[in-house]
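So in the working numbering, spot 114 of the sequence shown is number 267, and the numbers just go up one at a time.
The structure appears below as structure tokens.
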Amino acid sequence: MEIIPAIDIRNGNCVRLYKGDFEQETVYGEPIEMAKLWANKGATRLHIVDLDGALDGKPKNIELIKEIVETIEIPIQVGGGIRTKEIIQEYLEIGVERVIIGTAAIENPQLVVEAIKEFGSERIVVGIDAKDGLVATEGWLETSDTTAVTLGQEMKERGVEWVVYTDIDKDGTLSGPNLEATEKLAEETGLKVVASGGVSSLEDIKNLKKIEEAGVKAVITGKALYSNNLKLEEALSI
């Protein structure tokens with residue numbers, strides 16, 4: 154199981170939000186310095202979210218992300234405000250390995266089909282962000298009527314292999330990941346799932362590892378690392 158540190162960018166800073174609430178933000182320094190830190194500690198991949206882009210519906214931090222890609226040698230996956238094939242291509246051309254499509258996967262599923270056809274299913278990831286089991290969009294400000302599992306099944310039929318699943322009620326809370334919902338999504342869809350939201354300790358990593366066989370292939374962790382509740386080296390060791 155891969156352990157992926159998260160870097161959320163807002164107003165040029167590396168931040169963490171509480172349950173996706175932009176009013177409850179903690180700043181943890183400069184994104185590029187955080188990227189270097191996690192790379193030096195042994196991370197094999199970074200998860201970067203352009204929060205400004207997620208809110209605005211189009212990327213706002215491509216230049217900063219390009220600088221991070223050029224500074225560190227490990228693969229990077231990026232999400233936030235990615236709504237067109239041109240933007241996907243731009244990210245891939247600057248060296249981003251995987252692009253995460255969130256809101257657009259619901260509003261324009263044909264984009265996912267076309268992107269996978271052109272760039273491949275290893276490079277196009279769908280972000281499924283759920284609140285009470287229902288998919289949220291527009292930087293988590295809107296909730297749809299679609300369940301996470303239903304969206305997952307629809308994406309699988311369109312050629313998707315990888316999804317990042319985030320339980321919004323857990324995100325930034327250090328209250329533990331939603332193991333049941335994460336495992337259910339993997340089992341019922343056959344997708345490779347990257348778990349996100351709520352990781353608080355080494356115990357959470359161990360619990361996620363227990364459902365690896367269901368299809369939970371990686372975990373994204375942010376606040377736990379930044380608050381020293383979880384040490385990356387220890388997580389990597391198991």
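For every residue, glycine included, the Cβ atom is placed at its ideal position computed from N, Cα and C.
From a predicted model like this one, the values you see are computed outputs, not experimental measurements.
Which stretch, first to last residue, makes up the alpha helix (DSSP H) that contains A301? Working through the sequence shown from its first residue, we reach residue 301 at position 148. 301 to 310 is the span of the alpha helix (DSSP H), which, as asked, contains A301.
Given V168, which residues of its chain have a CB within under 6 Å of its CB, disregarding the five upstream and five downstream residues? Mapped onto the sequence shown, residue 168 falls at position 15. The residues are D161, E178, V180.
Using three-state DSSP, classify I247 as helix, strand or coil. Counting from one through the sequence shown, the residue named residue 247 turns up at place 94. In the structure shown, I247 sits in coil (DSSP, three-state: anything other than H, G, I, E or B).
Note down, in chain order, each residue of its chain lying with its Cβ closer than 7 Å to the Cβ of G210, except the 5 sequence neighbours on either side. In the sequence shown, residue 210 corresponds to position 57, counting from 1. Answer for G210: G234, R236, listed in chain order.
Could you give the residue range of the alpha helix (DSSP H) that holds I162? What you label residue 162 is simply residue 9 of the sequence shown in a count that begins at 1. That residue, I162, is in no alpha helix (DSSP H); its beta strand (DSSP E) goes 155 to 163.
Looking only at its chain, what residues have a beta carbon closer than 6 Å to the beta carbon of A257, apart from the 5 residues adjacent to it on each side? Along the sequence shown, one-based indexing puts residue 257 at 104. So the list reads R236, L264, once near-sequence residues are dropped.
From what residue to what residue does the alpha helix (DSSP H) around Y379 run? One-based indexing of the sequence shown puts residue 379 at position 226. Where Y379 is concerned, the enclosing alpha helix (DSSP H) stretches over 376 to 379.
Report the start-end ranges of each alpha helix (DSSP H) in the segment 321 to 369 that is 4 residues or longer and not cut off at the edges. 332 to 342, 355 to 363
Taking 8 Å as the threshold, find out whether the segment 359 to 366 comes into contact with the segment 374 to 387 through three or more Cβ pairs. no
Can you tell me the Cα-Cα spacing of L392 and G350, whole angstroms? Because the chain in this structure spans residues 154 to 391, residue 392 falls outside the shown range and cannot be described.
Would you say the segment 266 to 273 touches the segment 303 to 310, given that touching needs at least three Cβ pairs under 8 Å? no
Three-way DSSP call (helix, strand, coil) for I227 in this model: The residue given as residue 227 occupies position 74 in the sequence shown. Reduced to three states, the DSSP call for I227 is coil.
D174 (DSSP reduced to helix, strand or coil): If you number the sequence shown from 1, residue 174 lands on position 21. Strand.
Measuring CB to CB, does E336 end up less than 8 Å from V369? Numbered from 1 along the sequence shown, position 183 holds the residue referred to as residue 336. Numbered from 1 along the sequence shown, position 216 holds the residue referred to as residue 369. Closer than 8 Å, so yes.
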